[in-house]
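The numbering of the sequence shown is this note's numbering, which starts it at 2 and goes up by one.
Quick reminder that beta carbons are idealized off the backbone N, C-alpha and C, glycines included.
Here the structure is a predicted model, which is why all the values come from computation and not from measurement.
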Amino acid sequence: MIYAVSDIHGCYDKFLGLLDLIKFSDDDTMYILGDMVDRGKDGIKLLFDLMDRKNIVALRGNHDHTAFLMLKHLGMSVDSYDTESLLEIYRMWISDGGHTTYKAFKKLNKQDRRKIINYLATLPYYREITVNGKNFFLSHTIPEKEKMDSFDDCRMSDFLMGEVDYEKVYDKDRFFVTGHTPTGFIDESYTGKIWQKNNHIAIDCGAVFGNPLGCICLDTLEEFYYDTKE
Ligand SMILES: [Mn+2]
Numbered sequence: 002m003i004y005a006v007s008d009i010h011g012c013y014d015k016f017l018g019l020l021d022l023i024k025f026s027d028d029d030t031m032y033i034l035g036d037m038v039d040r041g042k043d044g045i046k047l048l049f050d051l052m053d054r055k056n057i058v059a060l061r062g063n064h065d066h067t068a069f070l071m072l073k074h075l076g077m078s079v080d081s082y083d084t085e086s087l088l089e090i091y092r093m094w095i096s097d098g099g100h101t102t103y104k105a106f107k108k109l110n111k112q113d114r115r116k117i118i119n120y121l122a123t124l125p126y127y128r129e130i131t132v133n134g135k136n137f138f139l140s141h142t143i144p145e146k147e148k149m150d151s152f153d154d155c156r157m158s159d160f161l162m163g164e165v166d167y168e169k170v171y172d173k174d175r176f177f178v179t180g181h182t183p184t185g186f187i188d189e190s191y192t193g194k195i196w197q198k199n200n201h202i203a204i205d206c207g208a209v210f211g212n213p214l215g216c217i218c219l220d221t222l223e224e225f226y227y228d229t230k231e
């Protein structure tokens, strides 16, 4: 089976619980639609797990992208920065959840820091797949319909920060599976649940804000939810 999950944001325990719940095996494939790091405490732990797995494909979210740029910029000489001044310089990242990622990164040895930076560097922006005759476009987010209509002119940042027109059908022959926007912001009554309409499948259930971590099976469009009691 082929699954998609998004916006784990360091909720590593919920992710492991979800894999357990769906009995994820070597025959399955899981797509993670970005924002693995920041906000929650275990983003770095999650990345180390993901880089060792053959059948999990992680895509790039805006948080992974920013973390990559910041950590790469700090390079291997992160120890030479005074924490307080660093927090000032990277206020934007830090205030948007980067603090947990930075703290965990700083504890790593140089070899592990390099592994994290190299892994983040490789994350693709989107994937197009066909499952059971259905076409899926998978990415952290997509831009407005008009931009997607002229796909070749899209910037990569459109797949990190774009604002989806959830009310518009972009393509009647394709499903657009995205994260980035907690579904409660699309429709409050969907808080903590996957939102499917107009050939959009929005799967960020807001796990890091205390909601369950949801995932969808692309073979069956069945939804699965895992929550911890913490
Ligand atoms: Mn995001």
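Quiz item: Any chance the CB of residue 11 is under 7 angstroms from a heavy atom of ligand 1?
Solution: no
#### Entry: Any non-hydrogen atom of ligand 1 closer than 7 angstroms to residue 41 Cβ
no
Among 115, 130, 110, which has the Cα closest to the Cα of residue 123? 115
Let's see if you can read the secondary structure: which residues bound the alpha helix (DSSP H) around residue 127?
Residue 127 -> not in any alpha helix (DSSP H); beta strand (DSSP E) instead, spanning 127-132.
Buried or exposed: which applies to residue 16, given that a residue is buried once 16 or more other Cβ atoms fall within 10 Å of its Cβ?
-> buried
- Task: Go to residue 189, then tell me how far its beta strand (DSSP E) extends in each direction, as first and last residue.
- Result: Note, residue 189: premise wrong, no beta strand (DSSP E); not H, not E.
Exercise. Who sits around ligand 1, taking every residue whose Cβ is closer than 6 angstroms to one of its heavy atoms?
Worked result: 36, 62, 63, 64, 141, 181
Touching or not, the region 144-155 and the region 31-42, by the rule of three or more beta carbon pairs under 8 angstroms?
no
### Query
Excluding sequence positions up to five away, which residues of its chain have a Cβ less than 6 angstroms from the Cβ of residue 218?
2, 4
Item checked: Simplified DSSP state of residue 13, which is helix, strand or coil -> helix
| query | Distance, Cα to Cα, residue 160 vs residue 211? | reply | 25 angstroms
Under 8 angstroms, with one C-beta from each stretch per pair, do the region 19-38 and the region 46-63 reach the 3-pair mark? yes
Restricting to Cα atoms, I'd like to know which of 51, 38, 107 is closest to residue 67. 38
query: What distance in whole Å lies between the Cβ atoms of residue 225 and residue 175, which are believed to be in contact at a cut-off of 8 angstroms?
result: Incorrect: roughly 23 angstroms between the Cβ atoms, too far for contact.
Check for me: the alpha helix (DSSP H) holding residue 44 runs from which residue to which? 44-52
**Asked** If you draw a straight line from the alpha carbon of residue 207 to that of residue 11, how long is it in whole angstroms?
**Response** 12 angstroms
(request) Under 8 angstroms by Cβ, that's how I've got residue 143 and residue 186 pegged, so tell me the actual separation to the nearest angstrom. (result) About 16 angstroms; that fails the 8 angstroms criterion.
Item to complete: Along the alpha helix (DSSP H) that carries residue 222, what are the first and last residues, could you check?
Response: Element bounds for residue 222: n/a, residue is neither H nor E.
Q) Is any beta-carbon of chain B found at less than 8 angstroms from that of residue 219? A) No chain B is present in this structure, which holds just one protein chain.
- request: Alpha carbon to alpha carbon, how far is residue 23 from residue 105? Give it in angstroms, no decimals.
  value: 29 angstroms
Does DSSP put residue 201 in a helix, a strand or coil? strand
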